[in-house]
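> Can you keep this structure in mind? I'll have questions shortly.
Protein chains: 2
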Amino acid sequence: MPKIVDHEQRRGELVEATLRIIVDQGLSGATMRDIAAEAGFANGAIKSYFASKSDLLAATYLFVFEATNRRVELSTAHLRGIAALRAFAHEVLPVTPELHDEARVVLSLLAEVAQSPDHARTTRATMVLWRTWILDWLRQARDDGELAAEVVIEPAADVLLTYLLGAQTSAIIGGETFDFAGFRGQLDYVIARLADDHDHSVGKS
Amino acid sequence: MPKIVDHEQRRGELVEATLRIIVDQGLSGATMRDIAAEAGFANGAIKSYFASKSDLLAATYLFVFEATNRRVELSTAHLRGIAALRAFAHEVLPVTPELHDEARVVLSLLAEVAQSPDHARTTRATMVLWRTWILDWLRQARDDGELAAEVVIEPAADVLLTYLLGAQTSAIIGGETFDFAGFRGQLDYVIARLADDHDHSVGKS
Chain A
296 MPKIVDHEQR
306 RGELVEATLR
316 IIVDQGLSGA
326 TMRDIAAEAG
336 FANGAIKSYF
346 ASKSDLLAAT
356 YLFVFEATNR
366 RVELSTAHLR
376 GIAALRAFAH
386 EVLPVTPELH
396 DEARVVLSLL
406 AEVAQSPDHA
416 RTTRATMVLW
426 RTWILDWLRQ
436 ARDDGELAAE
446 VVIEPAADVL
456 LTYLLGAQTS
466 AIIGGETFDF
476 AGFRGQLDYV
486 IARLADDHDH
496 SVGKS
Chain B
296 MPKIVDHEQR
306 RGELVEATLR
316 IIVDQGLSGA
326 TMRDIAAEAG
336 FANGAIKSYF
346 ASKSDLLAAT
356 YLFVFEATNR
366 RVELSTAHLR
376 GIAALRAFAH
386 EVLPVTPELH
396 DEARVVLSLL
406 AEVAQSPDHA
416 RTTRATMVLW
426 RTWILDWLRQ
436 ARDDGELAAE
446 VVIEPAADVL
456 LTYLLGAQTS
466 AIIGGETFDF
476 AGFRGQLDYV
486 IARLADDHDH
496 SVGKS
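Chains as they are written, first to last, in my numbering: chain A, 296 to 500; chain B, 296 to 500.
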């Protein structure tokens with residue numbers, strides 16, 4: 296078994312080196328040689344772990360999605376309805392420096408998605424998973440009487456999912472209202488429009 | 296003057312060839328030589344029109360944004376408030392095959408944005424313009440009494456803009472609810488939640 300562990304660990308080191316390169320300089324100029332150097336590997340050695348740059352990228356994007364999904368599962372484990380939805384969105388929206396770096400990685404993935412059916416499939420699997428989660432939380436919110444009456448669950452889920460994807464882009468394009476505080480404010484607004492606040496409010500001061 | 300006209304026309308032909316290549320096969324494998332061939336140019340000739348692939352890409356993205364903005368200006372010329380907002384979103388959302396192709400071009404641009412401050416600046420200028428339009432239309436809707444009371448204009452504009460950016464992505468990732476009909480349904484829902492329909496409705500049947 297040690298050999299397999301070692302192999303997985305080396306692949307992990309190469310994935311992490313790829314992530315650092317995307318964040319620091321972008322992928323377009325980066326070669327397998329650059330990635331090997333960043334990871335401290337001899338140039339030839341990288342081929343034992345990934346047959347091509349495309350394979351390495353696919354593993355890198357899978358790593359990012361799996362890390363996000365693990366974070367979401369942790370932060371929503373004891374929540375349901377609107378509270379779970381808010382916790383989820385907070386893990387995906389670029390509201391911290393780490394998540395802003397992740398947005399840059401996601402954006403470079405999206406370019407691959409535009410060009411490769413394989414990458415599109417990986418991404419679609421995560422999007423289908425996220426959509427299922429969002430639908431479940433919206434239905435729980437409806438069951439618990441915390442969803443605004445005007446919310447229609449299916450389009451609301453698709454619009455929210457598309458907004459969260461778009462936030463990876465608007466964070467990198469930038470602009471004054473797309474900083475950490477801006478996204479937190481947008482999230483508060485999105486949640487407020489989903490939640491049935493105005494009817495049950497304790498009183499507007 | 297004929298020489299300048301000719302020069303601009305040749306640049307336009309190269310931009311159109313680049314667009315076709317992005318739609319058909321993606322940019323990642325495409326060289327300046329491929330683009331020259333697609334446009335029917337000798338390989339060396341392209342350098343008289345664009346010094347680098349990056350320059351050609353910048354011109355291509357500018358072309359796409361300008362074409363979109365012209366379409367928006369035409370379709371919103373005699374509209375204000377919610378009607379203008381709906382017409383604008385309909386020009387930007389991937390609700391037709393042509394706009395779906397455009398989404399693929401926008402997505403390949405976004406990868407460049409992730410890696411190049413120059414491309415980010417061009418894109419940011421368009422996003423700032425769109426944000427100004429959206430803010431103006433939302434304010435008109437409020438003035439005309441057609442905006443739902445719960446809408447807060449600034450975050451509503453940022454969320455809508457981010458949703459429209461995200462739609463370029465979700466269209467290409469795909470999935471059953473992100474087809475033309477899906478986006479039209481989402482747009483109807485987004486507009487319904489912005490508009491003050493429920494108070495002034497002619498009666499729910």
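All residues carry an ideal CB built from backbone N, CA and C; glycine is no exception.
Can you say whether D453 of chain A is buried or exposed, counting buried as having 16 or more other CB atoms within 10 angstroms of its CB?
Here the question's residue 453 of chain A lines up with position 158 in the first sequence. Classification of D453 of chain A: buried, given that the 10 Å Cβ count is 16 or more.
> Can you confirm whether Y356 of chain A, when its beta carbon is compared against all beta carbons of chain B, has any partner nearer than 8 Å?
Along the first sequence, one-based indexing puts residue 356 of chain A at 61. Judged by the 8 Å Cβ criterion, Y356 of chain A is not in contact with chain B.
> Going by the beta-carbon positions, is the gap between V408 of chain A and I341 of chain B smaller than 8 Å?
Translated into positions along the first sequence, residue 408 of chain A becomes position 113. Translated into positions along the second sequence, residue 341 of chain B becomes position 46. The answer is no: Cβ separation not under 8 Å.
> Using a C-beta to C-beta distance shorter than 7 Å, which residues of chain B count as neighbours of L460 of chain A?
Along the first sequence, read from residue 1 onward, the residue named residue 460 of chain A stands at position 165. Ordered by position in chain B, the residues that pass the 7 Å Cβ test against L460 of chain A are G461, T464, S465.
> Using only the alpha-carbon positions, how far apart do A369 of chain A and A362 of chain B sit?
For the purposes of this step, residue 369 of chain A is taken as residue 74 along the first sequence, with counting starting at 1. For the purposes of this step, residue 362 of chain B is taken as residue 67 along the second sequence, with counting starting at 1. Before going on, a small fix: residue 369 of chain A reads as Leu here, not Ala. Cα to Cα, the separation comes out at about 45 Å.
> Whole angstroms are fine: how far does the CA of E303 of chain A sit from the CA of A337 of chain A?
Residue 337 of chain A sits at position 42 when you count from the first residue of the first sequence. Residue 303 of chain A sits at position 8 when you count from the first residue of the first sequence. Cα-Cα distance, rounded: 17 Å.
> Could you tell me if S403 of chain A is buried or exposed, where buried requires 16 or more neighbouring beta carbons within 10 angstroms of its beta carbon?
Indexing the first sequence from 1 puts residue 403 of chain A at position 108. Only buried fits S403 of chain A, as 16 or more other CB atoms lie within 10 angstroms of its CB.
> Against chain A, with Cβ distances strictly below 8 Å, would L402 of chain B count as a contact?
Stepping through the second sequence from its first residue, residue 402 of chain B is reached at position 107. Yes - at least one Cβ of chain A is within 8 Å of the one on L402 of chain B.
> Using the three-state DSSP reduction, which class does L442 of chain B fall into: helix, strand or coil?
The residue labelled residue 442 of chain B in the question sits at position 147 within the second sequence. Here L442 of chain B sits in strand by DSSP.
> From D413 of chain B to A420 of chain B, what distance separates their C-alpha atoms?
One-based indexing of the second sequence puts residue 413 of chain B at position 118. One-based indexing of the second sequence puts residue 420 of chain B at position 125. Distance between the alpha carbons of D413 of chain B and A420 of chain B is about 11 Å.
> Answer with yes or no whether the minimum CB distance from G469 of chain B to chain A is below 8 Å.
Mapped onto the second sequence, residue 469 of chain B falls at position 174. Yes, contact with chain A.
> Over the uninterrupted alpha helix (DSSP H) stretch that includes T344 of chain B, give me the two end residues.
Here residue 344 of chain B refers to the residue found at position 49 of the second sequence. The amino acid occupying residue 344 of chain B in the given sequence is Tyr; Thr does not appear at that position. Unbroken run through Y344 of chain B: none, as it is neither H nor E.
> Would you say P392 of chain A faces chain B, with C-beta separation under 8 Å as the test?
Against the first sequence, residue 392 of chain A aligns to sequence position 97. Not one chain B Cβ lies under 8 Å of P392 of chain A.
> Give me the Cβ distance between I486 of chain A and R381 of chain A, rounded to the nearest whole Å; I'm assuming they're in contact under 8 Å.
Within the first sequence, residue 486 of chain A is the residue found at index 191, counting from 1. Within the first sequence, residue 381 of chain A is the residue found at index 86, counting from 1. With 8 Å as the limit, I486 of chain A and R381 of chain A qualify as a contact, their Cβ atoms being about 5 Å apart.
> For G519 of chain A, does the count of other Cβ atoms within 10 angstroms reach 16, so buried, or fall short, so exposed?
Since the first residue of chain A shown is 296 and the last is 500, residue 519 of chain A is not available in this structure.
> At what residues does the alpha helix (DSSP H) containing S465 of chain A begin and finish?
Position 170 of the first sequence holds residue 465 of chain A. Residues 448–468.
> Output, in chain order, the set of chain B residues within a Cβ distance shorter than 9 Å of M422 of chain A.
The count along the first sequence starts at 1 and reaches residue 422 of chain A at position 127. Result: S465, I468, G469, G470, F473.
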